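**Student:** Got a structure here, written out as structure tokens. Questions coming.
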Amino acid sequence: MVASITNLGRSGLYDWVIQRLTAVILAVYTLFLLGFVIAHPDLQYSDWQGLFSCTAMKIASLLALISICAHGWVGMWTIATDYIKPTGIRFLFLLVTAAFVFVYLVWGIDILWGA
Amino acid sequence: MLVSIYRYNPEADEAPYMQDYEISIPAGKDLMVLDVLNLVKEQDSSVSYRRSCREGVCGSDGMNINGKNGLACITPISEATKGKNDKLVLRPLPGMPVIRDLVIDMGLFYKQYESIKPYLNNNTPAPAIERLQSPEERAKLDGLYECILCACCSTSCPSFWWNPEKFVGPAGLLQAYRFLADTRDTSTEERLAELDDPFSVFRCRGIMNCVNVCPKGLNPTRAIGHIRGMLLQREI
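Keeping their order, the protein sequence lines are chains A and B. Counted the way this note's numbering counts, the first sequence spans residues -15 to 99. Counted the way this note's numbering counts, the second sequence spans residues 33 to 268.
Given below as structure tokens:
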């Protein structure tokens, strides 16, 4: 058993399941957006705004946003622990990553649900 | 035939280097890479490599042959040079400390193998004769028990290169599943609990280099998938 406190969940299994689950969510969300763009060849700002102002889409977008944050953290954590061997630099890298993830999350929620 | 061999003697050399040898192959013969190495050794007795059974059973002569890990004794030169020019490049298995020339220090590899407790644990009273298995139960061990621990798979795995102290590696995990799948073993729960961290099993990213190089044709990636499945079932 190898101990770790910086990964997302309490176990490797948890991280693994989260990464696969969020990947599916992101794939479905991306395919939907792609389908929407293809279905509206002459896409106007009003169509786009209409789509994102409906509550179901807001919920889906928030789900996708949380998913990308979790997915990104698991992935970046894996890259950091593979390639960055000096503990200090790795900690700094993870700190910066965490800051970005947090800012994107709050900023994204503000865009979706803010005034 | 031109044979280029990785040379390094830590007592004499400052850095490793490649040394070329011109070897004449008997006409009409397809030698094994190990035979070629023996011919090199006749020319230059200082070339070092491990070998023992010379028939793919002991797993001593695992090395990097023209960029792909394999056993020198069962790799014909025709196969090793296929699609390339007629040159044989031999290097030690990648990612491990080199003791000399093609001889590597397998310490970490064995440490990881030891960590998965590669022996049967059974806390029930021993029967009078032996613990029996049905043919179906025994069949579960096929494709697992054949591993000869040559380290070709683990040393071709980037996850093992980057974290050899934390990631068990394909060879160790194949054996971990061999004992998880064995109906005579009663410590499944303890074994799984040991593997549930983010490194031991889950550092595998499924790139299947291990499957590509295994000289025995085994599939560690599938075994790792089975371990993940068992871990998942245990927690849902």
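Positions of the beta carbon are idealized from the N, C-alpha and C atoms, including for glycine. Since this is a predicted model, take the numbers as computed values, not measurements.
Can a CB atom of chain B be found closer than 8 Å to the CB of G98 of chain A?
**Tutor:** The residue labelled residue 98 of chain A in the question sits at position 114 within the first sequence. No - not a single Cβ of chain B is within 8 Å of the one on G98 of chain A.
**Student:** Determine the contact status of I22 of chain A and A48 of chain A, defining contact as a CB-CB distance below 8 Å.
**Tutor:** Against the first sequence, residue 22 of chain A aligns to sequence position 38. Against the first sequence, residue 48 of chain A aligns to sequence position 64. For I22 of chain A and A48 of chain A, no; Cβs fall outside 8 Å.
**Student:** For the region 6 to 37 of chain A, which segments carrying the beta strand (DSSP E) assignment without a break, of at least 3 residues, lie completely within its bounds, in sequence order?
**Tutor:** Taking only runs of at least 3 residues, no beta strand (DSSP E) segment lies wholly in the region 6 to 37 of chain A.
**Student:** Is the CB-CB distance between L212 of chain B and T220 of chain B below 8 Å?
**Tutor:** Taking the second sequence and counting its residues from 1, one reaches residue 212 of chain B at position 180. Taking the second sequence and counting its residues from 1, one reaches residue 220 of chain B at position 188. Cβ distance < 8 Å, so L212 of chain B and T220 of chain B count as in contact.
**Student:** For the region 222 to 236 of chain B, which residues have a beta carbon sitting closer than 9 Å to at least one beta carbon of chain A?
**Tutor:** Listed in sequence order: A225, E226, L227, D228, D229, P230, F231, S232, V233, F234 and R235.
**Student:** Given that a residue counts as buried once 16 or more other Cβ atoms are within 10 Å of its Cβ, and exposed if not, what is T156 of chain B?
**Tutor:** Looking up residue 156 of chain B in the second sequence gives position 124. So T156 of chain B counts as exposed.
**Student:** DSSP state of V80 of chain A, grouped into three classes?
**Tutor:** Your numbering for residue 80 of chain A matches position 96 in the first sequence. Note: V80 of chain A maps to helix in three-state DSSP.
**Student:** On a Cα-Cα basis, can you pick out the residue from B:Q75, B:A59, B:E46 and B:A44 that is closest to V35 of chain B?
**Tutor:** Residue 35 of chain B sits at position 3 when you count from the first residue of the second sequence. Closest option to V35 of chain B, Cα to Cα, is B:Q75.
**Student:** In this structure, does DSSP put V130 of chain B in helix, strand or coil?
**Tutor:** Here residue 130 of chain B corresponds to residue number 98 of the second sequence, with the count starting at 1. Strand, per DSSP.
**Student:** Between the region 119 to 133 of chain B and the region 178 to 195 of chain B, can you find at least three pairs of beta-carbon atoms closer than 8 Å?
**Tutor:** Contact between the region 178 to 195 of chain B and the region 119 to 133 of chain B is present, because at least three Cβ pairs lie under 8 Å.
**Student:** For R223 of chain B versus K172 of chain B, is the C-beta spacing smaller than 8 Å?
**Tutor:** Position 191 of the second sequence, counted from the first residue, corresponds to residue 223 of chain B. Position 140 of the second sequence, counted from the first residue, corresponds to residue 172 of chain B. Contact: no.
**Student:** Would you report the Cα separation of I2 of chain A and G257 of chain B, rounded to the nearest angstrom?
**Tutor:** In the first sequence, residue 2 of chain A corresponds to position 18, counting from 1. In the second sequence, residue 257 of chain B corresponds to position 225, counting from 1. Straight-line Cα distance between these residues: approximately 16 Å.
**Student:** In the structure shown, what three-state DSSP assignment does N96 of chain B receive?
**Tutor:** Counted from its first residue, the second sequence places residue 96 of chain B at position 64. In the structure shown, N96 of chain B sits in a strand (DSSP, three-state: E or B).
**Student:** Buried or exposed for Q144 of chain B, please, with buried defined as at least 16 other CB atoms from any protein chain shown within 10 angstroms of its CB.
**Tutor:** By 1-based counting over the second sequence, the position of residue 144 of chain B is 112. Flag for Q144 of chain B reads buried.
**Student:** Might you give, ordered along the chain, the residues of its own chain that have their beta carbon closer than 7 Å to the beta carbon of R237 of chain B, omitting 5 neighbours on each side?
**Tutor:** Working through the second sequence from its first residue, we reach residue 237 of chain B at position 205. Closer than 7 Å at the Cβ level, and outside the excluded window around R237 of chain B, lie S191.
**Student:** Please confirm if V(-14) of chain A has its CB atom under 8 Å from at least one CB of chain B.
**Tutor:** Looking up residue -14 of chain A in the first sequence gives position 2. V(-14) of chain A counts as touching chain B.
**Student:** Could you tell me the alpha carbon to alpha carbon distance between R74 of chain A and G59 of chain A, rounded to whole angstroms?
**Tutor:** Translated into positions along the first sequence, residue 74 of chain A becomes position 90. Translated into positions along the first sequence, residue 59 of chain A becomes position 75. Their backbone Cα atoms lie some 14 Å apart in a straight line.
**Student:** Return no unless some Cβ of chain B is closer than 8 Å to the Cβ of L102 of chain A.
**Tutor:** Absent from the structure is residue 102 of chain A, since the part of chain A shown begins at -15 and ends at 99.
**Student:** Between which residues of its own chain and G88 of chain B is the CB-CB distance below 7 Å, once the five residues before and five after are set aside?
**Tutor:** Indexing the second sequence from 1 puts residue 88 of chain B at position 56. Cβ neighbours of G88 of chain B beyond the five flanking positions: L103, C105, I106 and P247.
**Student:** Which whole-angstrom value is the C-beta distance of W97 of chain A and K42 of chain A, which I expect to be below 8 Å?
**Tutor:** Counting from one through the first sequence, the residue named residue 97 of chain A turns up at place 113. Counting from one through the first sequence, the residue named residue 42 of chain A turns up at place 58. Contact flag correct, Cβ pair sits at about 7 Å.
**Student:** Expressed to the nearest angstrom, what Euclidean distance is found between the alpha-carbon atoms of V121 of chain B and D67 of chain B?
**Tutor:** Residue mapping note: residue 121 of chain B aligns to position 89 of the second sequence, counting from 1. Residue mapping note: residue 67 of chain B aligns to position 35 of the second sequence, counting from 1. Taking the straight line from one Cα to the other gives about 14 Å.
**Student:** For the putative contact between N101 of chain B and S188 of chain B, defined by C-beta atoms under 8 Å, what is the C-beta separation to the nearest angstrom?
**Tutor:** Translated into the one-based positions of the second sequence, residue 101 of chain B becomes position 69. Translated into the one-based positions of the second sequence, residue 188 of chain B becomes position 156. Confirmed, about 5 Å.
**Student:** Taking DSSP as the reference, what is the three-state secondary structure of H41 of chain B?
**Tutor:** In the second sequence, residue 41 of chain B corresponds to position 9, counting from 1. The residue you asked about is not His; residue 41 of chain B is Asn in the sequence shown. Three-state DSSP puts N41 of chain B in coil, outside helix and strand.
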